[in-house]
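Positions in the sequence shown are counted from 1; adding 18 to them yields my numbering. In this text, a Cβ means the ideal position worked out from N, Cα and C, and glycines have one as well. Note that this is a predicted model, so its numbers are computed, not measured.
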Amino acid sequence: MRAAGVLLCIAAAAPAAPASEQVWNKPYPVVELPIQPRQPPIAEVAWSRDGAAIAWWPAAADDKDVNAVRAAKRDGRMFRFSDLTLRRNPPAEEFWPSSAVTSPAQPQPGRETIVATAVWPRSRGDDSFLQVEVLTDQSLRIWHSFRGTVLQLFVADQDWLSITPEGYYDGSAGGKRLLKWKIRKGPSEQPEALEPSDAFLAQMHRPDLVRGVVHAFQQDFLPDMDYALPWIAADLLRRQASDRKYARYLVATHIHNESMFETVRRDKRQSTGEMVPKIYAALSFLLNSLSWQVQTRLPERVDPAGTIFHIDLRHYGWDERTWQRVVAQYPYGLKRAGDAARAIESATGSELAFLRADWFVFAASQAPLYHDILNLPRTAAKLERWLQVDVAKNLRTAPPGVVRAGFSDSGVSFSNRLIERHPLANGLEFRLGAADRTVRYPDGGYYWKSYDFETNRGRQNLFAFPLGPGEGADVFNHSAGEVIFSLPNGLQAYLLLDRDGTRIDAAPIEIVSDVPILPRKPTVTTAFSCIICHLEGPRATMVPNPISGGDQVRPHFEANAQRYPYSNADSDSIRALYRSKADFDSLFEDDVRRFKTAGSRVTDNIFAIAATIRSYLVPLKASRLAAELDQPHEGAFEPPTSFGRNVGPVHLGGGLIKRQVVEEHFAEMAQELKLGEPLRPSAPPVNQDPIPATPFAWLLHGTVALCVLVGLLALMALWALAAPLLART
Numbered sequence: 019m020r021a022a023g024v025l026l027c028i029a030a031a032a033p034a035a036p037a038s039e040q041v042w043n044k045p046y047p048v049v050e051l052p053i054q055p056r057q058p059p060i061a062e063v064a065w066s067r068d069g070a071a072i073a074w075w076p077a078a079a080d081d082k083d084v085n086a087v088r089a090a091k092r093d094g095r096m097f098r099f100s101d102l103t104l105r106r107n108p109p110a111e112e113f114w115p116s117s118a119v120t121s122p123a124q125p126q127p128g129r130e131t132i133v134a135t136a137v138w139p140r141s142r143g144d145d146s147f148l149q150v151e152v153l154t155d156q157s158l159r160i161w162h163s164f165r166g167t168v169l170q171l172f173v174a175d176q177d178w179l180s181i182t183p184e185g186y187y188d189g190s191a192g193g194k195r196l197l198k199w200k201i202r203k204g205p206s207e208q209p210e211a212l213e214p215s216d217a218f219l220a221q222m223h224r225p226d227l228v229r230g231v232v233h234a235f236q237q238d239f240l241p242d243m244d245y246a247l248p249w250i251a252a253d254l255l256r257r258q259a260s261d262r263k264y265a266r267y268l269v270a271t272h273i274h275n276e277s278m279f280e281t282v283r284r285d286k287r288q289s290t291g292e293m294v295p296k297i298y299a300a301l302s303f304l305l306n307s308l309s310w311q312v313q314t315r316l317p318e319r320v321d322p323a324g325t326i327f328h329i330d331l332r333h334y335g336w337d338e339r340t341w342q343r344v345v346a347q348y349p350y351g352l353k354r355a356g357d358a359a360r361a362i363e364s365a366t367g368s369e370l371a372f373l374r375a376d377w378f379v380f381a382a383s384q385a386p387l388y389h390d391i392l393n394l395p396r397t398a399a400k401l402e403r404w405l406q407v408d409v410a411k412n413l414r415t416a417p418p419g420v421v422r423a424g425f426s427d428s429g430v431s432f433s434n435r436l437i438e439r440h441p442l443a444n445g446l447e448f449r450l451g452a453a454d455r456t457v458r459y460p461d462g463g464y465y466w467k468s469y470d471f472e473t474n475r476g477r478q479n480l481f482a483f484p485l486g487p488g489e490g491a492d493v494f495n496h497s498a499g500e501v502i503f504s505l506p507n508g509l510q511a512y513l514l515l516d517r518d519g520t521r522i523d524a525a526p527i528e529i530v531s532d533v534p535i536l537p538r539k540p541t542v543t544t545a546f547s548c549i550i551c552h553l554e555g556p557r558a559t560m561v562p563n564p565i566s567g568g569d570q571v572r573p574h575f576e577a578n579a580q581r582y583p584y585s586n587a588d589s590d591s592i593r594a595l596y597r598s599k600a601d602f603d604s605l606f607e608d609d610v611r612r613f614k615t616a617g618s619r620v621t622d623n624i625f626a627i628a629a630t631i632r633s634y635l636v637p638l639k640a641s642r643l644a645a646e647l648d649q650p651h652e653g654a655f656e657p658p659t660s661f662g663r664n665v666g667p668v669h670l671g672g673g674l675i676k677r678q679v680v681e682e683h684f685a686e687m688a689q690e691l692k693l694g695e696p697l698r699p700s701a702p703p704v705n706q707d708p709i710p711a712t713p714f715a716w717l718l719h720g721t722v723a724l725c726v727l728v729g730l731l732a733l734m735a736l737w738a739l740a741a742p743l744l745a746r747t
């Protein structure tokens with residue numbers, strides 16, 4: 019007897035989709051299907067020898083009854099991926115036998131219990147495989163060894179429904195009627211009201227993505243741009259004509275091609291097949307960390323393998339000039355031939371509308387490109403004017419929200435370190451410099467500033483000189499600093515500063531050093547080092563955290579107050595700024611929560627940005643070089659002899675080539691292989707901060723202008739006198 023229909027959330031019936039996909043205010047698919055509450059609906063499942071179909075058979079009355087098993091197989095079903103249709107009576111001899119069959123004694127309705135599994139055999143014998151699993155709720159899921167669930171199938175009589183983890187679907191006419199939607203309102207909240215919305219049906223109906231997903235994961239090699247460009251062109255065509263000029267694409271197809279043969283860690287436990295979802299997580303986090311917009315927006319997958327990501331420049335407050343600054347640094351730019359490439363250029367108006375995703379994560383997370391994309395000013399003083407943070411006034415008056423803490427050992431700085439917090443006002447609004455855009459902070463935020471010292475001697479001894487900064491005899495004199503401040507979307511941006519508060523790309527190694535995220539690269543660089551160290555907002559996660567012990571300056575001052583030459587007012591300022599641990603912790607933890615809430619909107623794996631950059635920088639074997647040059651890698655890749663001078667080590671049997679060499683000579687190698695003509699668009703001028711005017715500068719400029727004017731008047735007078743004489747002559 020069949021049970022009444024029950025609701026099956028996709029994430030409840032399969033491994034949860036990545037949190038980066040389960041974002042706020044996104045349609046969340048829910049399927050209503052009848053189930054068998056007592057008897058497992060399927061006893062055996064098998065994958066076709068060509069990998070194009072799966073077949074499954076109902077449970078036999080008695081597993082020992084050969085006739086019953088044969089009868090069950092005659093009444094079996096087959097789902098063919100080539101045309102996504104459901105059929106009966108599959109020819110069993112065309113299928114590999116099940117690699118495992120489990121049959122729980124008492125399967126419970128609605129619970130995820132695997133009844134049967136089958137693995138599609140791989141010819142390469144590596145760690146990559148596809149597995150089909152039959153669950154007790156009458157659904158089937160296809161699971162990839164690196165990517166997890168890639169497709170889920172629901173069958174009810176002759177109707178069927180197929181859904182990807184992102185919520186894209188296809189199905190029969192009756193199957194579509196089983197699909198309804200909920201909206202997730204928060205990162206930890208359950209989906210809310212059930213909505214059978216036709217708008218969501220239209221929005222999420224992507225048979226092109228669903229039809230190719232299994233096939234894509236069965237391929238050892240997707241010929242990179244020959245695969246990517248048609249998908250990009252097709253994606254542009256389905257968008258509004260007015261939106262196409264803002265569409266750009268970040269591609270990780272070459273990473274998919276590496277996944278069958280390459281590893282990125284010496285312990286061999288992590289295959290590059292795991293890198294594609296990590297690259298997506300890194301992109302989701304970094305793109306929103308390069309945005310002055312209030313709303314966070316995720317890249318959108320546009321191909322079945324999930325290796326091509328669409329972004330809209332407007333989602334991050336970028337324009338064509340911003341994109342041109344990015345592509346001007348791009349070492350892999352090629353003008354591709356073919357109809358798809360021409361269609362992409364025509365639709366977007368960009369010579370280069372698609373870039374490698376791993377390169378983008380590497381380059382855009384580091385200065386100077388990081389500064390250029392965010393249009394950050396050249397000085398902390400200018401940034402503070404934008405954010406309406408009056409540091410000098412706050413240090414004098416110590417209003418609520420302003421707090422300091424000092425440490426003798428911060429884990430990053432070799433000497434003392436002082437950190438101070440200033441609040442950003444709710445409703446803050448300003449013009450973004452020469453970018454001429456309005457930035458709004460509806461919920462305020464925070465502005466943290468650090469002061470770092472080269473030594474602990476003299477006025478660089480924070481414990482002896484807790485007031486400052488400045489040039490007076492009784493205040494500290496720091497050597498460098500760092501700024502961490504909220505973006506309107508709740509994520510963070512960063513500046514490294516010299517002693518004068520001017521922006522720098524990397525911190526002096528004698529003052530601070532980085533943890534070894536990148537091999538043999540201890541220099542603290544904007545903003546990659548800052549991002550990795552501050553994965554929990556203001557809290558440093560990659561170094562010993564002295565903040566948990568509270569400020570060390572005020573206890574020292576209180577114990578030695580009589581020895582300081584400060585007035586009562588100065589002593590009161592120290593007590594007002596260097597607060598109690600409870601006061602400091604309250605503000606600090608509020609900021610940490612703010613950042614974590616924002617981060618949960620975009621990814622559940624912020625560490626992915628480090629993994630992506632490490633993977634990008636790892637020296638290349640010949641097989642990986644092949645994937646990056648669109649070359650199939652069956653057997654060993656033999657670079658042409660013309661490569662020898664530049665990439666010689668890969669000819670030496672297991673030799674490696676450094677990433678910088680690949681970047682420098684990629685255009686030559688690509689041209690040799692006839693992949694396209696090298697393309698290096700020029701960069702538009704970077705928005706320059708105006709030089710602050712001084713009275714002396716105005717006097718000097720006025721004097722020069724006056725001299726020029728007097729000179730012109732003198733020439734005109736001489737000409738007036740000489741003209742009659744010349745005429746008589």
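- For Glu151, the secondary structure class from DSSP, reduced to helix, strand or coil, is strand.
- Per DSSP, the unbroken beta strand (DSSP E) holding Tyr459 starts and ends at Thr456 to Tyr459.
- For the pair His440 and Asp609, the Cα-to-Cα distance works out to about 11 Å.
- Nearest to Asp518 by C-alpha distance, out of Gly445, Ala399, Ile502 and Trp466, is Ala399.
- Counting only runs of 4+ residues, the alpha helix (DSSP H) found wholly inside the region 390-418 occupies 398-404 and 409-415, in chain order.
- Take Asn474, set aside five residues on each side of it, and the residues of its chain with a beta-carbon closer than 7 Å to its own are Ser433 and Asn434, in chain order.
- Judged by beta-carbon spacing, Trp178 lies beyond the 8 Å limit of Leu169, meaning their Cβ atoms are not closer than that value.
- If you draw a 10 Å sphere on the C-beta of Arg354, you find 16 or more other C-beta atoms in it, and that means buried.
- Burial of Pro506 is indicated by the presence of at least 16 other C-beta atoms within 10 angstroms of its C-beta.
- Taking Thr520 as the centre and dropping the five residues before and after it, the same chain places the C-beta of Arg396 and Thr397 closer than 7 Å to its C-beta, in chain order.
- Residue pairing by DSSP leaves Leu485 without any beta bridge partner.
- Each of His162, His223 and Phe218 was checked against the Cα of Tyr186, and the nearest Cα belongs to His223.
- A direct Cα-to-Cα measurement between Ala220 and Thr154 gives close to 30 Å.
- Counting only the Cα atoms, Ser468 lies some 41 Å from Arg165.
- The shortest C-alpha to C-alpha distance from Pro650 to any of Leu102, Leu595, Glu292 and Asp238 is the one to Asp238.
- Linking Glu646 to Asn275 through their CA atoms gives a straight-line distance of about 8 Å.
- Straight-line measurement puts the Cα of Lys296 at about 10 Å from the Cα of Thr621.
- Here DSSP, grouped into helix, strand and coil, assigns Leu179 to strand.
- Using a Cβ distance threshold of 8 Å, Leu308 and Ala382 count as a contacting pair.
- Excluding its 5 nearest sequence neighbours in each direction, Met243 has C-beta neighbours in its own chain below 7 Å: Arg354 and Asp648, listed in chain order.
- Segment contact: the region 385-392 against the region 620-639, fewer than three CB-CB distances shorter than 8 Å; contact not assigned.
- In this structure, the alpha-carbon of Leu331 lies about 17 Å from that of Leu450.
- For Tyr348, the closest of Glu682, Arg455, Gln149 and Gly193 by C-alpha to C-alpha distance is Glu682.
- In the pairwise beta carbon analysis, the region 573-587 is classified as not touching the region 402-418: fewer than three pairs are separated by under 8 Å.
- Beta-bridge annotation (DSSP): Ile631 is not paired with any residue.
- DSSP, reduced to helix, strand and coil, places Gly230 within a helical segment of the structure shown.
- According to the DSSP secondary-structure assignment, Lys198 is paired through a beta bridge with Val48.
- Of all alpha-carbon atoms in Thr103, Trp74 and Asp101, the one lying nearest the alpha-carbon of Arg95 is that of Trp74.
- Cβ neighbours of Gly419 within its own chain (closer than 6 Å, five residues either side excluded): Pro441.
- Across the set Ala701, Val320, Leu731 and Met734, the C-alpha of Ala701 shows the shortest separation from the C-alpha of Thr340.
- Following the DSSP letters along the chain, one finds Gln678 inside the alpha helix (DSSP H) bounded by residues Arg677 to Glu690.
- Here DSSP, grouped into helix, strand and coil, assigns Gln384 to strand.
- Straight through space, the alpha carbons of Tyr334 and Arg315 are spaced by roughly 8 Å.
- With fewer than 16 other CB atoms across the displayed protein chains lying within 10 angstroms of its CB, Ala410 is exposed.
- Note on Gln384: 16 or more other CB atoms within 10 angstroms of its CB, so buried under the neighbour-count rule.
- For His440, the enclosing beta strand (DSSP E) begins and ends at Arg435 to Leu442.
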